[in-house]
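As given, the protein sequences belong to chains A and B, one line each in that order. Residue numbers for the first sequence follow my numbering, beginning at 3 and rising by one. Residue numbers for the second sequence follow my numbering, beginning at 3 and rising by one. Think of the CB as a built atom: it goes at the ideal place given N, C-alpha and C, for glycine as much as any other residue. Take a look at the structure set out below.
Number of protein chains: 2
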Amino acid sequence: MKRWIWLMIGFVSCKPQNRLIIQEQGSYMVGGTVVSAPGKFHLEEAMNPQGQTLHADHAYAFYQIPSKAKLHRLVFLHGAGQSKKTWETTPDGREGFQNIFLRKGYPVFLVDQPRRGEAGRSSVSENVVAAPDEGFWFTQFRLGNYPDFFPNVQFDPKGLEQFFRQMTPNTGPFDAKVIVSAMYKLLDQIRGGVLITHSQSGGIGWELAINDSNLQGIVSFEPYSGFIFPKGEKPEDISSSGLFGPLKAKEVSTDEFMKLTKMPILIYYGDNIAEVPSKEWNKDHWRSGLLMAQKFVDTINKYGGKATLVHLPKVGIYGNTHFPFSDLNNQIIADHMHHWLSTNQLN
Amino acid sequence: MKRWIWLMIGFVSCKPQNRLIIQEQGSYMVGGTVVSAPGKFHLEEAMNPQGQTLHADHAYAFYQIPSKAKLHRLVFLHGAGQSKKTWETTPDGREGFQNIFLRKGYPVFLVDQPRRGEAGRSSVSENVVAAPDEGFWFTQFRLGNYPDFFPNVQFDPKGLEQFFRQMTPNTGPFDAKVIVSAMYKLLDQIRGGVLITHSQSGGIGWELAINDSNLQGIVSFEPYSGFIFPKGEKPEDISSSGLFGPLKAKEVSTDEFMKLTKMPILIYYGDNIAEVPSKEWNKDHWRSGLLMAQKFVDTINKYGGKATLVHLPKVGIYGNTHFPFSDLNNQIIADHMHHWLSTNQLN
């Protein structure tokens, strides 16, 4: 790993066709609240919070608009324990969806959600605990059963250190409402886009869809929790041997649910997921997610929507972890997603 | 602020000469440690830390290499309470040093230091406290005496919200050694560069210089704390009415200090700094910094080095805050810095 940056820089400098032509790039904070301490600020007591403010709970967005950009903006929202890094260079040093979709001509917006990464100012205090937990995450994310990789896994073991290091903690308690609020403002400011979510942020995406956000479509990688159904149609909780207890869905009004039928939705699930209840808790946890996702997609389509669930091994794409967008075959995943975007006039 | 992103995108799309041609871009984590919990990991007890690891205390780097790049890589390390955002789009929406120096043809590396931003995994727990403190920071950073801006300040009040929101907390206790260690590895991996520091990271820069880091030069914006001097030549503490107590310097061996004479060094200080001891604690705090910086520069030059201190009002550049690189006149500051880089063969 030690010299790969230099080698890579040298190698690609020789290849003009690898260049990215960026019409515009920048970053800004969006949304959030202001906490105001009562009283009057006194310069001579500036360490006293009285009369001072705390701007917090905003998201951070870094955007790049390529030359001759497509119309539809892709907005990427990471999952639990991640930052926008999740979409950038892969753990084993290849291009991530950031560069891949820039090359395909899309404006790319990468977000750190409120209370994460560079959007760290939170209106609620948090204790950030340093705890060795990577055996758990390795297993939960289906790289394998720690310390062994799955035989067919689309993950280069050389990338494991980067994979662990790209995790980053909450700087304030996770609060879906806070995140939905900031993302709503972002989508409003940029006049809409296609949202790409992952895992925990899947639920954020469904909430945004039913909140009249400026969403033109959603692609979700292995969404978990936050699935919504029309009143009276919520499935039973789905039990599994996963370590987070049964998977529960939420009920919303039928009017709200109908908003999910107004945009194309694509959900991906990867490999090494149990087909029947299993004691392998990682495979079984994601069995419950896949099952709920299927019910979700079926319900959307029953109401006239256009939702698709792609369980990758069923279409001949094997070995994907919980992170298909950064796995070894991520170019294939990206091409598959791009094809879906084009088919749905999201380009 | 609400529509400025869209307007800006529309506006600059019309101007081909605004494009950035990026030969290569990517990101990675660098440096850090591994904490290993004793015992053996058991899949059925995966929430128990035994036998698990925690990769922590690394830095995050995002790099962009423009087409026909200059040889010298610029590595930007933010200051206290900031992330790499500090170098990106300015609070009032103009280009920051990231884009400005890419346009000048430099490879640009932006860093989040260990335990900050997207490099949030820390080996030591931390309580992140939500506290209204922006009146203090407004004043400390010499935008004015809160809530009033200085009359000549190079800051657009419309940018104040973004300025507050770009602050982001430590996710673990600040530890200069941890940061120096990660930055050392970064500079080693990229075969050296010119380091640009700010405020608290000034001290990190001096430590890197005396630790045989691959440093070709240093530009430091209003460095504070961590100034080093040869044994026996450390100045007395410099008192001020600033809220952090007297400014202390550190002693190192003469051999170590001599390493600071081996590379060109440039230090900037802005405006609204007290010339004589003053009760305006913000202006006086930075008076102590400027004084110590002058002694530092004089000592380096006495030993045959090539250090320059630019107190901006003395060269006819007025109104700069603690953040000259993102102030209203940041293009002028960038051109000044670029001229110095060229003059010192750092291009």
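- Under the 8 Å criterion on CB atoms, F325 (chain B) is classed as non-interfacial with respect to chain A.
- Counting only Cβ-Cβ distances below 8 Å, H57 (chain B) has contacts in chain A at E136, E163, F166 and R167, in chain order.
- Burial check for Q52 (chain A): the Cβ neighbour count within 10 Å stays below 16, so the residue is exposed.
- Taking 8 Å as the cut-off, the beta carbon of P175 (chain A) is found no closer than this to the beta carbon of V113 (chain A).
- By the C-beta density criterion, S328 (chain B) is buried, having at least 16 other C-beta atoms within 10 angstroms.
- The shortest CA-to-CA distance from S227 (chain B) to any of B:P40, B:Q202 and B:L245 is the one to B:Q202.
- Chain-order list of chain A residues neighbouring G291 (chain B): empty, with the shortest C-beta distance near 18 Å, by a criterion of under 8 Å.
- In this structure, L76 (chain A) sits near G195 (chain A), with a CB-CB distance shorter than 8 Å.
- One finds nothing in chain A with a Cβ atom closer than 9 Å to the Cβ of M185 (chain B); even the nearest lies about 15 Å away.
- Runs of beta strand (DSSP E) with 3 or more residues, each lying fully within the region 149-221 of chain A, are found at 195-200, listed in chain order.
- Beta-bridge partners of I240 (chain A) (DSSP): A:L249.
- CA-CA distance, Y186 (chain A) to I319 (chain A), rounds to 34 Å.
- The C-beta of I220 (chain B) comes no closer than 8 Å to any C-beta of chain A.
- I275 (chain B) sits in coil when the DSSP states are folded into three classes, being neither helix nor strand.
- At least one C-beta of chain B is nearer than 8 Å to the C-beta of A133 (chain A).
- For M31 (chain B), the enclosing beta strand (DSSP E) starts and ends at L22 to V32.
- Between F259 (chain A) and V278 (chain A), the alpha-carbon positions lie close to 29 Å from each other.
- In the structure shown, F229 (chain A) falls within a coil segment according to DSSP collapsed to helix, strand and coil.
- Straight across, the Cα-Cα distance linking M294 (chain B) with T323 (chain B) is about 18 Å.
- Within 8 Å of the CB of I23 (chain A), the CB atoms of chain B belong to R21, L22, I23 and I24, in sequence order along the chain.
- In this structure, F231 (chain B) and T310 (chain B) do not form a Cβ contact; the two beta carbons are roughly 18 Å apart against a cut-off of 8 Å.
- Inter-segment contact for the region 137-153 of chain A and the region 86-95 of chain A is absent: fewer than three beta-carbon pairs are separated by less than 8 Å.
- Residue pairing by DSSP puts S38 (chain B) in a beta bridge opposite B:T55.
- Secondary structure of T310 (chain A) (DSSP, three-state): strand.
- With respect to chain A, the C-beta atom of K285 (chain B) has no partner C-beta closer than 8 Å.
- Cβ neighbours of N349 (chain A) within its own chain (closer than 7 Å, five residues either side excluded): K72, H74 and L343.
- Note: E128 (chain B) is bridge-paired with A:V130 in the DSSP secondary-structure output.
- Three or more Cβ pairs drawn from the region 130-141 of chain B and the region 166-173 of chain B lie within less than 8 Å of each other, which places the two stretches in contact.
- Relative to S243 (chain A), the option among A:A251, A:N284 and A:K264 whose CA is nearest is A:N284.
- Assignment of beta-bridge partners to N147 (chain A) by DSSP yields A:D150.
- The beta-bridge partner set that DSSP reports for A61 (chain B) consists of B:V32.
- Within a 10 Å sphere around the beta-carbon of M49 (chain A) sit fewer than 16 other beta-carbons, which makes this residue exposed.
- About 13 Å separates the beta carbons of V180 (chain B) and L210 (chain B), which is beyond the 8 Å limit, so they are not a contact pair.
- When CB distances to chain A are screened at a threshold of 7 Å, not a single residue of the region 72-84 of chain B falls below it.
- Annotated as distal: G307 (chain B) and Q156 (chain B), with beta-carbon spacing of 8 Å or more.
- At a beta-carbon threshold of 9 Å, none of the residues of chain A lie near S242 (chain B); the nearest stands roughly 14 Å away.
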